[in-house]
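*Asks:*
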Amino acid sequence: MRRRAIPLMCTAAALICACSQTTYPDVSPAPPTTAPATGTRRFASGFETLRDFAGMYVTPQTASTRQQLVSSPRHGGALALCGLLTGPGTAADTDGPNHRAYPTVQLWRLPAGGFATPAVIDIWVWADVAMKAGQWVSLATLSADASDRWARVVTVNLDPGGWIDVFHVPDQGQHAPTLETHRPFPRRTWVHLSIRIDFDPDHGSIEVRQVGVLVARAKVEGGHGRLEQAHFGMYAIPSLSVGKVCNDDLTITST
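FYI, the numbering used here numbers position 57 of the sequence shown as 1123, with every residue one higher than the one before it.
#1: With A1210 and H1290 assumed to form a contact (beta carbons below 8 angstroms), what rounded beta-carbon distance in angstroms separates them?
#2: Is the beta carbon of Q1238 less than 9 angstroms from the beta carbon of V1219?
#3: Answer with buried or exposed for R1254, where buried requires no fewer than 16 other C-beta atoms within 10 angstroms of its C-beta.
#4: For the beta strand (DSSP E) containing I1325, list its first residue and its last residue.
#5: Applying the 10 Å Cβ sphere with the 16-neighbour rule, what's the burial state of R1215?
#6: Quick check on the burial criterion: 16 or more other C-beta atoms within 10 angstroms. Buried or exposed for H1234?
#7: Between F1109, T1156, T1160, which has its C-alpha nearest P1126's C-alpha?
#8: Is the Cβ-Cβ distance between S1320 and R1175 less than 9 angstroms?
#9: Going by beta carbon distance, what residues of the same chain come within less than 7 angstroms of T1152, once the five residues before and after it are set aside?
#10: Is it buried or exposed, T1156, if we count other Cβ atoms within 10 angstroms and call 16 or more buried?
#11: Which complete alpha helix (DSSP H) runs does the stretch 1162 to 1221 hold, if anything under 4 residues is left out?
#12: Could you tell me the alpha carbon to alpha carbon distance between F1119 and P1169, rounded to whole angstroms?
#13: Let me confirm a value: G1278 is counted as buried when at least 16 other C-beta atoms fall within 10 Å, else exposed. Which label applies?
#14: Pull up the distance between the alpha-carbon of E1114 and that of L1135, whole angstroms please.
#15: Use the C-beta contact count for G1179: other C-beta atoms within 10 angstroms, 16 or more gives buried, fewer gives exposed.
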């Protein structure tokens, strides 16, 4: 599914907190935090402003898939970003039929391009989703593709059984992890995920830690050494009609 860059000004008015009527306060461009002197690159967002995603693609609101800035639940700062489902997804939805409620982090659009891997993603996730067998929700999508096609991705999913798994490993469309613990993922509370992604063409890998505990690991093929883009939030199968996923305090670090 194409996810092109669009002006963020047109989506900001729609991202409204249901309880406090808060909108993103500023959409003027500002670069993410970096530390070029040490060779470290860092992208960070507390989901307080759309400035963090200036020049990058934000999925549009649809009849069944919404995203809102909310003052509660939040992990840090004043706001968090939540994706909400109000019905099944359809092919008539822009970017459908899968549910998509998130801003993208298109690192390849930054002046220095994508991040060298291994890179570490830290994010806080709050989820209230109940699924049947065969359904899925992706909490993180990481791509080695520097284009709007997102042709090679690795996803960190919430399994219908209630645990974290990784998909598109070792190759696209496959699910063959080397470790999957089935450790329960708590609902309706903030949970810290730390993801280490390596798109090395010969020794690629992904590891996911939940509150510091390793819960999933897999080999990754088809990379070229760089994390080009990612997205987080609500990304789900069309048949899921009710659910909520919130994100706060995101950092992506490459050394």
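Note that the Cβ used here is the ideal one computed from N, Cα and C, for glycine as well.
*Replies:* So, from the listed chains and residues:
#1: Distance from A1210 to H1290 at the Cβ level is roughly 6 angstroms; contact confirmed, criterion being Cβ atoms closer than 8 angstroms.
#2: yes
#3: exposed
#4: There is simply no residue 1325 to check, as the chain begins at 1067 and stops at 1321 in what is shown.
#5: By the Cβ neighbour-count rule, R1215 is exposed, with fewer than 16 other Cβ atoms within 10 Å of its own.
#6: buried
#7: T1160
#8: No, they are not a contact pair.
#9: S1130, R1132
#10: exposed
#11: none
#12: 7 angstroms
#13: exposed
#14: 8 angstroms
#15: exposed
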